[in-house]
Amino acid sequence: MSKPAAPQLDASTRLAVDRTRLAHERTLMAWVRTATSLISFGFTIYKFFQFEISKEQTTRVTSVFGPRRFGMVMIVIGILSLVAAQVQDYFHRRDLDRQYGPGPFSVAAVVAIVVGGLGVVALVVTALDL
Numbered sequence: 162m163s164k165p166a167a168p169q170l171d172a173s174t175r176l177a178v179d180r181t182r183l184a185h186e187r188t189l190m191a192w193v194r195t196a197t198s199l200i201s202f203g204f205t206i207y208k209f210f211q212f213e214i215s216k217e218q219t220t221r222v223t224s225v226f227g228p229r230r231f232g233m234v235m236i237v238i239g240i241l242s243l244v245a246a247q248v249q250d251y252f253h254r255r256d257l258d259r260q261y262g263p264g265p266f267s268v269a270a271v272v273a274i275v276v277g278g279l280g281v282v283a284l285v286v287t288a289l290d291l
C-alpha cells in the first residue's frame, strides 16, 4: 500500500506549515535545554557533596533525603520531562505529516535522544554511587 501524495499547497499555506514545524522544533529544543539543566544540576549536586564528604575524616550521619537522592530526583525529573516532550513532539509531527505530507528530518529529536541517553548514564552513575 502506497502513501497518499502530499497535497499541493499554495505558498502562504506551505510557509505557515513550515513555521509550525519550526515552532515545534524550537519547543523541543527548549525542553532539551530544560532537561539538560535538570540533569546536570542533579548530577553536580551529587558529585559536589560526594567530593566534600570524601575530604572529611569522620563519617557522616546519613539522612533519608540526602544529596544523592536529591540529585537522582532531579535527574529523573529531567529525563521524564524530556520523554514527555518527545512524545508530544512525535504526535504533533505525525498530525502535520498526515495533513500536509512528510516534513524534514528533526535534528532536535536526535539531540533529545542523545541528552536522554546521557541522563540515563548520569542516573546509573548516581544510583550505583560511582
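First residue of the sequence shown: 162, per our numbering; consecutive thereafter. The beta carbon of each residue, even a glycine, is placed where N, CA and C say it ideally should be.
Quiz item: Would DSSP call D256 helix, strand or coil?
Solution: In the structure shown, the three-state DSSP call for D256 is helix.
Practice problem: Just mark Q247 as buried or exposed, buried being the case when its beta carbon has 16 or more other beta carbons within 10 Å. | Solution: Buried, since its Cβ has 16 or more Cβ neighbours within 10 Å.
Quiz item: According to the Cβ coordinates, are G280 and I236 closer than 8 Å?
Solution: With contacts defined as CB atoms closer than 8 Å, G280 and I236 qualify as a contacting pair.
Exercise. Alpha carbon to alpha carbon, how far is V276 from D171? Give it in angstroms, no decimals.
Key: The straight-line gap from Cα to Cα measures roughly 37 Å.
Quiz item: Starting from F266 and walking both ways along the alpha helix (DSSP H), at which residues does that stretch end?
Solution: No residue range can be given for F266, since it is assigned to no alpha helix (DSSP H) and is classified by DSSP as neither H nor E.
Quiz item: Near V193, which residues of its chain fall below 6 Å by C-beta distance, leaving aside the five closest residues on each side in sequence?
Solution: Excluding positions up to five away in sequence, the list reads V272, A273, V276.
Exercise. May I ask which residues mark the beginning and end of the alpha helix (DSSP H) holding Q211?
Key: The continuous alpha helix (DSSP H) containing Q211 extends over residues 172-216.
Quiz item: CB T287 to CB M233, shorter than 8 Å?
Solution: Cβ distance < 8 Å, so T287 and M233 count as in contact.
Exercise. Report the three-state DSSP secondary structure of G262 (helix, strand or coil).
Key: It is coil, neither helix nor strand.
Exercise. Enumerate in chain order the residues of its own chain whose CB-to-CB distance from K208 is below 6 Å, with the five nearest sequence positions on each side excluded.
Key: Cβ within range, chain order: n/a, list empty.
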